[in-house]
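Undergrad:
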Amino acid sequence: MSTHKPVWVDLESACGGSHSLYNALWSSTPLASPSTLPTSRYITKSWSRWNTAIWPKAELLYLAPLSALSALSPDLQTSKWSSLGITHVHKLLGTNGIHPFPTLQERYNLPSRDIFLYLRVKHILLSHSIEHIDPLSLSNIGSQCYHTRLIRPLCKLLSLCYRTLSDIHGHSKLTYMKQWETSLGITPTLMEWEQAITYTKKSSKCVILWEAYFKMLMRWYLVPSRIHKIYPNSPSICWHCNSSLGSIEHIFWHCPNLQNFWKDVQTTIRAICKITFPLSPEIYLLHIIPNLRDIPSRDAVLNILVAAKISIAAHWKDTKPPSLKETLGRVEVTYHHECEWAKGGNRSHVLDKWKNWESFKDSHTTKVDKVLYPEQGLPLHDELLGYPIPLYLVRLLSHIHITNLLYPAIII
């Protein structure tokens, strides 16, 4: 691989004033030279805004090159130390504090007169709360970069960041994942969590459906048990059955009033994808489904599950459970939105993903429909929506994004 420095690096350094662009990234003072390129100002501004969200400030300075300290103190010359091997700040630090000057003098063959330079550098580090380095207290990305620096000192920082971001072993489960696992007694892998979230988001272009799913994941809903913690005088029992603690798991799954509703959803999914999913909350609430990638009409199935949860939330304090007709109506509206969205692109791809849904709608006289609606078959035309406006108007309105105004009951 070529080690030739890109021309743009030389251009930005030449126009950066007294400090190079790389050193300016470690300074709290923005680049103010009139000759500074707009790209340089934008880079430093973005870096100052977002780097603390990824790394603690003190931890970030561990990996800073020693030359970056010149941006924190005027007239600080560290080039000689860099040539002797003290290339980065972390080489000055130990687990018990900043290395004493005799230790550095012996290790890097520093001349005695550099004691004054050492005191200046030590003052800068202490003023920025850099007293020692504890590898065990570093964040995930900080630990990766620090240990890689020890093993591969010539590895660039950007390469370390890319390696850390692509390393799945460094990831850990988030708080809401652990809460669901504890409350439901399940142990899905992190890959199963990521798969459920990724495929649910890809199943539709509708942001409202994403929002409904993420509300469930984040346990956003103000269920009775949660309200009771805020207002102790408020009852904590379920307002549907008035018999059990109203937790989010009970309101959306364990409540006796919902058992028939979820069985109808199970039957509908079986009719669409020819697969029977067991009635378990990790599947119907969290979408943690085995072999989710290989399920036929995966998008339709995931949209049905999201629509079911939206229907439950739409009847938040009603004692009457939502109907399957209402849920399928929401799915039908989503399907037509997807078709309209794809008109400018690959419409056949959308139709192929939803072909089992189309077949399901067309089979009005099948045994499945008689089980769901023994008296009147499955209404999947205009009357499915429960509104007098025909579907062709829904498709038209979806182009100008005002369907939510005309169908307030469809959206939470």
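Numbering that gives the first Met the number 0 numbers the first residue of the sequence shown as 0 and each following residue consecutively.
Glycine residues also receive a C-beta, built at the ideal position from the N, C-alpha and C atoms.
Under a CB-based cut-off of 9 angstroms, is F100 close to chain B?
TA: Although the question refers to chain B, the structure presented lacks it and comprises just one protein chain.
Undergrad: Please look up how many angstroms separate the CB atoms of I123 and L65, rounded, as I've assumed it's under 8 angstroms.
TA: Position 124 of the sequence shown holds residue 123. Position 66 of the sequence shown holds residue 65. Actually they are not in contact, since the Cβ atoms of I123 and L65 sit about 11 angstroms apart, beyond 8 angstroms.
Undergrad: Of the residues P277, L304, C272 and H131, which one's Cα is nearest the Cα of H412?
TA: With the chain running from 0 to 411 in the structure shown, residue 412 is simply not present.
Undergrad: Let's test the definition: count the other Cβ atoms within 10 Å of the Cβ of T174 and tell me whether it reaches 16, buried, or not, exposed.
TA: The residue you call residue 174 lines up with position 175 of the sequence shown. Per the 10 Å Cβ criterion, exposed.
Undergrad: So S203 and D298 are supposed to be a Cβ contact under 8 angstroms. How far apart are they, rounded?
TA: In the sequence shown, counting from the first residue as 1, residue 203 sits at position 204. In the sequence shown, counting from the first residue as 1, residue 298 sits at position 299. S203 to D298, Cβ: 7 angstroms. Contact.
Undergrad: Between Y107 and I85, how many whole angstroms is the CB-CB distance? I'm expecting something under 8 angstroms.
TA: For the purposes of this step, residue 107 is taken as residue 108 along the sequence shown, with counting starting at 1. For the purposes of this step, residue 85 is taken as residue 86 along the sequence shown, with counting starting at 1. Indeed, because the Cβ distance is near 6 angstroms, the residues count as touching under 8 angstroms.
Undergrad: Check whether the Cβ atoms of I192 and K172 sit closer than 9 angstroms, and answer yes or no.
TA: Sequence index remark: in the sequence shown, residue 192 carries index 193 (1-based). Sequence index remark: in the sequence shown, residue 172 carries index 173 (1-based). The residue you asked about is not Ile; residue 192 is Trp in the sequence shown. In this structure, K172 lies closer than 9 angstroms to W192 by Cβ.
Undergrad: May I ask which residues mark the beginning and end of the alpha helix (DSSP H) holding D293?
TA: Taking the first residue of the sequence shown as position 1, residue 293 is located at position 294. Neither: D293 is in no alpha helix (DSSP H) and is coded neither H nor E.
Undergrad: Considering Cα atoms alone, identify which of V120, I309 and S296 is closest to P73.
TA: Position 74 of the sequence shown holds residue 73. Here the closest residue by C-alpha is V120.
Undergrad: Looking only at C-alpha atoms, which of W252, W238, T275 and S279 sits nearest to P295?
TA: On the sequence shown, position 296 is the one that residue 295 refers to. For the residues W252, W238, T275 and S279, the minimum Cα distance to P295 belongs to T275.
Undergrad: Three-state secondary structure (DSSP) at P64?
TA: The sequence position of residue 64 within the sequence shown is 65, counting from 1. Three-state DSSP puts P64 in a strand.
Undergrad: Please classify G328 as buried or exposed, where buried requires at least 16 neighbouring CB atoms within 10 angstroms.
TA: The residue given as residue 328 occupies position 329 in the sequence shown. That one is buried.
Undergrad: Is G184 helix, strand or coil when you go by DSSP?
TA: Counting from 1 along the sequence shown, the entry for residue 184 is found at position 185. Correct three-state label for G184: coil.
Undergrad: Runs of 3 residues minimum, wholly inside the segment 282 to 330: which ones carry the beta strand (DSSP E) assignment?
TA: You should have found no qualifying run.
Undergrad: Flag this pair as yes or no: are the beta carbons of I185 and R218 separated by less than 9 angstroms?
TA: On the sequence shown, residue 185 is found 186 positions in, with the first residue counted as 1. On the sequence shown, residue 218 is found 219 positions in, with the first residue counted as 1. No, they are not a contact pair.
Undergrad: Pair every Cβ in the segment 221 to 229 with every Cβ in the segment 246 to 261, then say whether three or more of these pairs are closer than 8 angstroms.
TA: Flag = yes, the segment 221 to 229 and the segment 246 to 261 touch.
Undergrad: Going by DSSP, which residues form a beta bridge with G84?
TA: Position 85 of the sequence shown, counted from the first residue, corresponds to residue 84. According to DSSP, which records beta bridges pairwise, G84 is partnered with nothing at all.
Undergrad: Between the Cα of H239 and those of Y230, S233 and F251, spot the shortest distance and give me the residue it belongs to.
TA: Position 240 of the sequence shown, counting from 1, holds the residue named residue 239. The candidate whose alpha carbon is nearest that of H239 is F251.
Undergrad: Just the Cα atoms here: how many angstroms apart are H131 and P37?
TA: Here residue 131 refers to the residue found at position 132 when the sequence shown is read from its first residue. Here residue 37 refers to the residue found at position 38 when the sequence shown is read from its first residue. Rounded to whole angstroms, H131 to P37 spans 37 angstroms at the Cα level.
Undergrad: Rounded C-beta distance between K326 and V264? I'm assuming under 8 angstroms.
TA: Translated into positions along the sequence shown, residue 326 becomes position 327. Translated into positions along the sequence shown, residue 264 becomes position 265. Note that residue 326 is Thr in the sequence shown here, rather than Lys. Contact flag correct, Cβ pair sits at about 7 angstroms.
Undergrad: Considering Cα atoms alone, identify which of I196, P99 and F115 is closest to Q76.
TA: For the purposes of this step, residue 76 is taken as residue 77 along the sequence shown, with counting starting at 1. Residue F115 is the option with its Cα nearest to Q76.
Undergrad: L10 by DSSP, collapsed to three states: which one?
TA: Residue mapping note: residue 10 aligns to position 11 of the sequence shown, counting from 1. Three-state result, L10: helix.
Undergrad: Quick check: D113 and K79, are their CB atoms within less than 9 angstroms of each other?
TA: Within the sequence shown, numbered from 1, the residue matching residue 113 stands at position 114. Within the sequence shown, numbered from 1, the residue matching residue 79 stands at position 80. A contact, by the Cβ cut-off of 9 angstroms.
Undergrad: Take C237 as the anchor and find which of I97, P231, P255 and N95 has the nearest alpha-carbon.
TA: To locate residue 237, count along the sequence shown from 1; it is residue 238. Of the candidates I97, P231, P255 and N95, the one whose C-alpha sits nearest the C-alpha of C237 is P255.
Undergrad: Quick one: what does DSSP say H129 is sitting in, helix, strand or coil?
TA: By 1-based counting over the sequence shown, the position of residue 129 is 130. Looking at the sequence shown, residue 129 is not His but Ile. DSSP places I129 in coil when its eight states are reduced to three.
Undergrad: For L92, does the three-state DSSP call read helix, strand or coil?
TA: Here residue 92 is taken as the residue at index 93 of the sequence shown, counted from 1. Strand at L92.
Undergrad: Leaving out the 5 sequence neighbours to the left and right, which residues in its chain are closer than 7 angstroms to L301 when beta-carbon positions are compared?
TA: Residue numbering aside, residue 301 sits at position 302 when the sequence shown is read from its first letter. Only Y198, T199, S202 and H286 meet the Cβ criterion.
Undergrad: What is the rounded straight-line gap between the Cα of N95 and the Cα of I129?
TA: Indexing the sequence shown from 1 puts residue 95 at position 96. Indexing the sequence shown from 1 puts residue 129 at position 130. Looking at the two C-alpha atoms, the distance is approximately 12 angstroms.
Undergrad: Using the three-state DSSP reduction, which class does I42 fall into: helix, strand or coil?
TA: Here the question's residue 42 lines up with position 43 in the sequence shown. I42: helix per DSSP, three-state reduction.
Undergrad: In this structure, does DSSP put I247 in helix, strand or coil?
TA: Sequence index remark: in the sequence shown, residue 247 carries index 248 (1-based). Helix.
Undergrad: Of the residues S182, W209, L183 and C205, which one's Cα is nearest the Cα of A195?
TA: Here residue 195 refers to the residue found at position 196 of the sequence shown. Considering only alpha carbons, the answer is W209.
Undergrad: Are there any heavy atoms of the ligand ZN lying less than 8 angstroms away from the beta-carbon of P187, as far as the coordinates show?
TA: The ligand ZN is absent from the structure shown, which contains no ligands of any kind.
Undergrad: Check I207 in the structure and name its three-state DSSP category.
TA: Start at 1 with the first residue of the sequence shown, and residue 207 comes out as number 208. Helix, per DSSP.
Undergrad: Using the beta-carbon count (16 or more within 10 Å), is S310 buried or exposed?
TA: Taking the sequence shown and counting its residues from 1, one reaches residue 310 at position 311. Result: buried.
Undergrad: Report the three-state DSSP secondary structure of I274 (helix, strand or coil).
TA: For the purposes of this step, residue 274 is taken as residue 275 along the sequence shown, with counting starting at 1. Three-state DSSP puts I274 in coil, outside helix and strand.
Undergrad: If you count every other CB in all the chains shown that lies within 10 Å of the CB of H412, and 16 or more means buried, which is it?
TA: What the structure shows of the chain is the stretch from 0 to 411, and residue 412 is not part of that stretch, so it cannot be assessed.
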